[in-house]
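These protein sequence lines map, in sequence, to chains A and R.
According to the working numbering, the stretch in the first sequence is residues 600 to 759, in order.
According to the working numbering, the stretch in the second sequence is residues 600 to 759, in order.
Okay, so here's the structure we're looking at.
2 protein chains.
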Amino acid sequence: MPAASLTPTVAAPDVENALGALRARGLRATSARRLLVEALFAAAEPVTAPELAAGLDGGVPGADLAAVYRNLQMLERIGLVRHTHAGHGPALYALADRVASEFLRCEACGDLWALPPSALALVRDAVRRTTGWEARFTHFPLVGLCPACAASHAAGDTRR
Amino acid sequence: MPAASLTPTVAAPDVENALGALRARGLRATSARRLLVEALFAAAEPVTAPELAAGLDGGVPGADLAAVYRNLQMLERIGLVRHTHAGHGPALYALADRVASEFLRCEACGDLWALPPSALALVRDAVRRTTGWEARFTHFPLVGLCPACAASHAAGDTRR
DNA sequence: ATGCAATTGCAACGGGGTTGCAGCTGCTCA
DNA sequence: TGAGCAGCTGCAACCCCGTTGCAATTGCAT
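In structure tokens, the structure reads:
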């Protein structure tokens, strides 16, 4: 099943509002979901599902990873949440209206840059002109070498 | 451990030559490796490790997946082999001097395009100019929407 | 309050790949 | 030619990231 994260973004100013968005769609505002949404609002940066599950243990019953995944998936279907694949590790989740849309990941040092959507407009233009594709660097990053690694690589670097 | 597949490509005209490249580095040309290299030479397109292991059962002892992975890794370190991540499935391996260097993957329909390295020169230029990065679409593809999906998406598509 | 479908929590599973280790085997050197 | 010994193999167990099945629970509309 392809077609992921192409849902329009939904912005929620706060936890109550986000839960309201669920109820409006006939979904239930359960305590597990409240905790998850609170954790997402509390997170400064995109976080992994295990991190979210770990952070959720403010509730007595241990936060279940499977439920976290299910709920993240549902929140993403709704448009409240978005995730990115930043390398080989687990995906990073964040409230949809918070993510700085575009990512670059360095293949050599692993560094991840987050850029405002406008920053790569020229790149998207070039892709459109030369291939007809509509490039998106939100769900999967643009991969390459960051300036530092590109430099050390151009000079005959001696790593390894 | 980042830093993958940045080794310079090594071309081997045939199986004997490839095995020679191993010996030249103090590595052993074992029968398992011979079978693997033969399978790679026989493959018309990039193949997965499980496919390689399955194809290797010309030898009496069943080809071991773990050994296949270890040997692919080693061949890649040497520069004889390269792999690409074409979506969510397993990685695709091929002889380094055979891969059509650049890939585009459609997030909506899953389609994968392979383009000659020159095709994305302008894109790499745009990336370099606007970010200072050296983009590479060989190991991880450029992700976005293919022309068809971009069109149906622009029109208010009703999928889902 | 009551009913009942939506959810949870737990455990088991699945794909993709890595690792530990005992035993086998290319390769080098006498 | 064959002995010695790293370098490998094959097997099984394991790890990570998620997903799924299912019985028990719980929102929430009535």
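Glycine included, each C-beta is placed from N, C-alpha and C at the ideal position.
Rounded straight-line distance, which links the Cα of residue j to that of residue i
i, j, result
"R:R728", "R:A666", "43 Å"
"R:R633", "R:V614", "7 Å"
"R:P649", "R:R676", "20 Å"
"R:F640", "R:L714", "21 Å"
"R:S717", "A:A642", "42 Å"
"A:R627", "A:H738", "27 Å"
"A:T683", "A:A690", "6 Å"
"A:R723", "R:A753", "16 Å"
"A:L744", "R:W712", "22 Å"
"R:P607", "A:T608", "42 Å"
"R:L679", "A:L721", "35 Å"
"R:P645", "R:L674", "15 Å"
"A:A610", "A:G619", "12 Å"
"A:P740", "A:A685", "7 Å"
"A:G731", "R:R681", "27 Å"
"R:G654", "R:Y692", "14 Å"
"A:A638", "A:L651", "7 Å"
"R:Q672", "R:P612", "20 Å"
"R:A725", "R:D663", "44 Å"
"R:A631", "A:L635", "50 Å"
"R:V719", "R:G625", "Note that residue 719 of chain R is Leu in the sequence shown, not Val. Their Cα atoms are separated by approximately 38 Å."
"A:H687", "R:L605", "17 Å"
"R:D710", "R:V742", "10 Å"
"A:T647", "R:T647", "28 Å"
Buried versus exposed, by CB contacts within 10 Å (16 or more), residue i
i, result
"A:E733", "buried"
"A:A747", "exposed"
"A:N616", "exposed"
"R:T629", "exposed"
"R:E701", "buried"
"A:R669", "exposed"
"R:R622", "exposed"
"A:V659", "Bear in mind that a pLDDT of 47 at A:V659, under 50, signals an unreliable position, so the number given afterwards is only what the model happens to contain. Exposed, since its Cβ has fewer than 16 Cβ neighbours within 10 Å."
"R:A750", "exposed"
"A:R735", "buried"
Residue range of the beta strand (DSSP E) that includes residue i
i, result
"R:V680", "680 to 683"
"A:A693", "691 to 694"
DSSP beta-bridge partners of residue i
i, result
"A:C708", "Paired residue(s): none; A:C708 is not in a bridge."
"R:E733", "A:L744"
"A:L714", "A:E701"
N-terminal and C-terminal residue of the alpha helix (DSSP H) that residue i is part of
i, result
"R:V614", "614 to 623"
"A:L664", "664 to 677"
"A:F640", "630 to 641"
"A:L651", "648 to 654"
Query raised in the report: Do the region 679 to 697 of chain A and the region 686 to 706 of chain R meet, that is, are 3 or more Cβ pairs less than 8 Å apart?
Result: no
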